[in-house]
Every structure is written in structure tokens, then in C-alpha cells.
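Residue numbers (the working numbering): 41 to 397.
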């Protein structure tokens with residue numbers, strides 16, 4: 041979304057049709073607009089927030105523009121206060137925008153989701169300021185869920201809400217027993233890179249600790265090797281390292297499958313899924329995992345087009361509202377244009393990804 045679509049009255053009239061129709065109600069419910077004081081309606085507040093997010097103008101500039109354009113009569117300190125109070129409202133509006141997104145069923149009966157996160161730093165920051173956790177539809181290239189947390193919150197599958205019939209793609213940092221258990225509790229499935237340091241797995245027949253990764257020599261140069269395993273779910277957090285708890289304390293055992301295949305350079309790739317062999321074959325699972333690249337490309341688009349990866353200033357209490365407003369702009373952009381869909385880092389399209397093995 042470009043700034044001119046916010047500043048131009050005729051363009052804004054169209055953008056307004058893409059927003060949820062209940063802006064006034066949600067603004068009142070979240071107390072974003074308790075006292076109007078020269079801000080005539082929720083649409084005016086949303087317009088100022090989006091203008092601030094996509095234009096890189098200062099609060100003083102946005103307040104001057106809004107006043108001269110007869111959108112609202114506000115000062116920079118007043119706008120600062122409004123944006124700080126609108127954080128919960130932005131979350132509600134963003135959720136409503138993303139709930140309308142549809143998805144294709146690449147695997148009959150299932151929706152594909154890819155999960156990942158990124159960090160946002162303020163100018164001159166020596167450390168992480170914020171984390172953004174996204175869930176995207178890799179088929180369409182759109183994000184369908186977003187959450188913003190402080191730097192002390194780690195990434196994990198338990199951060200997101202999943203629906204029955206979803207297959208969640210993630211890299212190795214998401215291969216934890218607690219995270220996978222949270223997904224399965226919602227009747228969804230995972231397909232992730234195996235991380236032997238965060239995930240215990242035992243052969244399904246014996247339940248004896250026999251690390252699958254020690255069997256790398258069994259992986260053929262061409263083809264796929266498969267193991268059926270059980271994943272013990274640890275009890276409530278009782279230590280910093282999941283290896284510190286005994287298997288006898290497991291609160292549940294989840295059936296899973298591990299696949300291993302070699303790349304052209306003979307490196308072994310390890311993939312784990314909770315889908316049964318009647319639901320997804322081994323070769324289909326490996327093809328599906330390739331789609332995880334789409335969320336990496338989504339982050340690149342957000343960072344290059346919206347400069348999403350760095351705050352324009354040390355904004356204090358309005359920083360989270362600025363990030364949410366920029367996510368709102370990205371969600372509106374998804375509706376304004378037809379996305380390119382899934383793009384391949386290997387140079388061919390989604391259909392070719394699916395048929396190449």
C-alpha cells in the first residue's frame with residue numbers, strides 16, 4: 041500500500057470499503073475512541089494511523105496534514121495518545137481483515153500454513169526490541185495471522201491458534217514436543233525439520249531410546265528412508281532443558297513419522313510429521329516442506345516494500361501500535377492487489393514444485 045492511497049481522498053474512499061464495516065463498534069469496545077474531541081469517527085483515526093505507518097512522516101507532520109485536510113483537529117501529543125490507546129483496536133481490525141482470507145486445498149481436506157518470526161529493532165538499538173510472529177498461507181503468499189511480542193518471548197507453535205485440518209510447516213526451531221502437542225490438541229498437524237536437541241523420539245515398536253539420527257548410514261543416495269516414532273510430551277516446565285526430565289514423566293505419547301533424504305551434495309535432510317501414511321505419503325511430505333520457503337519470501341517483501349524490519353524512531357509506547365498499523369497496511373495491500381502466489385527460489389512455479397520430486 042502506498043502513502044498516496046491514504047492521503048488522496050478518492051483513493052481513501054476505496055480503501056475504506058476494504059476495512060471491516062464495524063470500525064465504530066470495535067473502536068468503542070476496545071476504548072480506542074472513548075472521547076472524540078475533534079476526531080469525528082473511527083475511520084478518521086484509522087486513516088491517521090495508516091498514514092503515520094506508511095509515510096514515515098512524524099506525528100507532528102501527520103497531525104498538521106489531518107488538521108489542514110479537515111480529517112481531524114489534533115496535535116502531535118494528542119495523536120501520540122490516540123495511537124497508544126488504539127493498540128487493542130488495531131489487533132481486532134487486523135484479525136477481522138485476515139479472517140476473510142481464503143486458501144487453496146493443495147492437499148485435499150487440509151489447509152497449508154507456514155510459521156516463522158522476525159525481529160524489529162529501533163535506530164541505534166544494540167539488541168532486539170520486538171518480535172513479530174506470522175502465520176501465512178504459502179499457496180497464496182498471504183499472511184493469515186500475526187502477533188507482536190517483546191524480545192523476551194521466544195518463537196514457538198504454541199504462540200499461534202490453529203484450526204482442525206491445518207498442516208503447519210516450520211523450520212527446526214519449531215520442532216519441540218510442547219509446540220507439536222499444542223498443534224495436535226487443536227486437531228491440526230505439523231510438518232517440520234527435525235531438531236534432535238529439542239525433541240526426543242523413540243521407535244514406535246520398542247519405546248527404547250534409539251536416536252534416529254544415528255541411523256544416517258541407512259539413508260539411500262536416491263529415495264526416502266522412513267521411521268515411525270513416538271514423541272513423549274514433557275510435563276509442565278520443570279527445567280530449562282527438555283533433556284532433563286525422565287521419560288517416565290511423559291504426560292502423553294504422540295505418533296509421528298520421520299523422513300530422511302539426501303540432497304545433491306549428499307547432505308541428509310530430516311523431516312518430521314504427525315500425519316499418517318494414509319493421509320500424506322513420504323514424497324508428498326517432502327514436497328510440502330519446500331513450500332515453507334514462502335514465508336521467508338513474505339518477510340522479504342514486507343521488509344523491502346514496507347521497511348518492516350526497523351522502527352523509524354525510538355517511539356516508546358507507540359512502537360507496537362506503529363507495527364500493528366504497518367501490518368494493517370500490508371493486510372490491505374493483500375486485498376488491493378492480486379498476489380503473485382507462491383514463488384520458488386529454484387526458479388519455477390508452484391505447479392512445478394508440486395510435480396518435481
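Ideal Cβ positions, reconstructed from N, Cα and C, are used throughout, including at glycine.
It should be emphasised that the depicted structure is a prediction, and the values quoted were computed from it without experimental measurement.
Please report the distance separating the alpha-carbon of residue i from that of residue j.
i	j	result
residue 74	residue 154	38 Å
residue 217	residue 252	16 Å
residue 214	residue 328	16 Å
residue 220	residue 108	53 Å
residue 54	residue 92	19 Å
residue 17	residue 352	In the structure as shown, the chain begins at 41 and stops at 397. Residue 17 is therefore absent and cannot be evaluated.
residue 183	residue 375	12 Å
residue 81	residue 62	12 Å
residue 377	residue 99	28 Å
residue 330	residue 320	15 Å
residue 237	residue 289	19 Å
residue 275	residue 317	28 Å
residue 76	residue 201	34 Å
residue 95	residue 116	16 Å
residue 71	residue 102	22 Å
residue 185	residue 128	15 Å
residue 239	residue 233	11 Å
residue 304	residue 326	15 Å
residue 97	residue 147	45 Å
residue 104	residue 271	59 Å
residue 222	residue 178	21 Å
residue 404	residue 226	Nothing about residue 404 can be read from this structure; the chain reaches only from 41 to 397.
Which residue from the options puts its Cα closest to that of residue i?
i	options	result
residue 308	235, 168 and 242	235
residue 340	174, 297, 213 and 263	174
residue 119	368, 361 and 375	361
residue 286	255, 241 and 325	241
residue 343	295, 161, 178 and 225	161
residue 126	83, 105, 95 and 233	83
residue 130	377, 367 and 375	367
residue 163	319, 359 and 135	359
residue 295	267, 304, 100 and 276	267
residue 229	237, 203, 254 and 100	203
residue 211	224, 197 and 323	197
residue 315	178, 237, 58 and 224	224
residue 323	350, 117, 263 and 104	263
residue 400	193, 189 and 139	A question about residue 400 goes unanswered here, because the residues of the chain that appear run from 41 up to 397.
residue 180	152, 97 and 104	152
Residues in its own chain within less than 8 Å of residue i by CB, not counting five upstream and five downstream?
i	result
residue 191	159, 167, 168, 169, 170 and 171
residue 48	none
residue 256	300 and 308
residue 60	66, 133, 136 and 137
residue 261	302 and 306
residue 259	265, 300, 301, 302 and 308
residue 350	160, 161, 162 and 163
residue 193	171 and 199
Can you list, in chain order, the residues of its chain with a C-beta nearer than 6 Å to that of residue i? Leave out the 5 residues immediately preceding and following it.
i	result
residue 292	273
residue 332	154 and 209
residue 150	205 and 207
residue 45	51 and 55
residue 64	82
residue 58	372 and 375
residue 189	171
residue 254	none
Please return the same chain residues whose Cβ sits closer than 7 Å to the Cβ of residue i, not counting the five positions on each side in sequence.
i	result
residue 78	112, 113 and 114
residue 387	With a pLDDT of 47 at residue 387, under the threshold of 50, the predicted position of this residue should be treated as unreliable, though the coordinate-derived value follows. Excluding sequence neighbours, residue 387 sits near nothing in its chain.
residue 280	Residue confidence for residue 280 is low, a pLDDT of 48 falling below 50, so the modelled location carries little weight and cannot support an answer.
residue 391	Model confidence at residue 391 stands at a pLDDT of 47, short of 50, so the residue's coordinates are unreliable; what they give is reported in the following sentence. So the list is empty, once near-sequence residues are dropped.
residue 68	none
residue 106	88, 112 and 114
residue 199	173 and 187
residue 348	342 and 366
State the CB to CB distance for the pair residue i and residue j, rounded to an integer number of angstroms; the pair is presumed to be in contact (CB under 8 Å).
i	j	result
residue 313	residue 231	4 Å
residue 337	residue 370	About 14 Å; that fails the 8 Å criterion.
residue 311	residue 269	With 8 Å as the limit, residue 311 and residue 269 do not qualify as a contact, their Cβ atoms being about 12 Å apart.
residue 156	residue 335	5 Å
residue 122	residue 90	About 13 Å; that fails the 8 Å criterion.
Hey, does residue i have any beta-carbon neighbour from chain D nearer than 9 Å?
i	result
residue 102	Absent from the structure: chain D. Only one protein chain is present.
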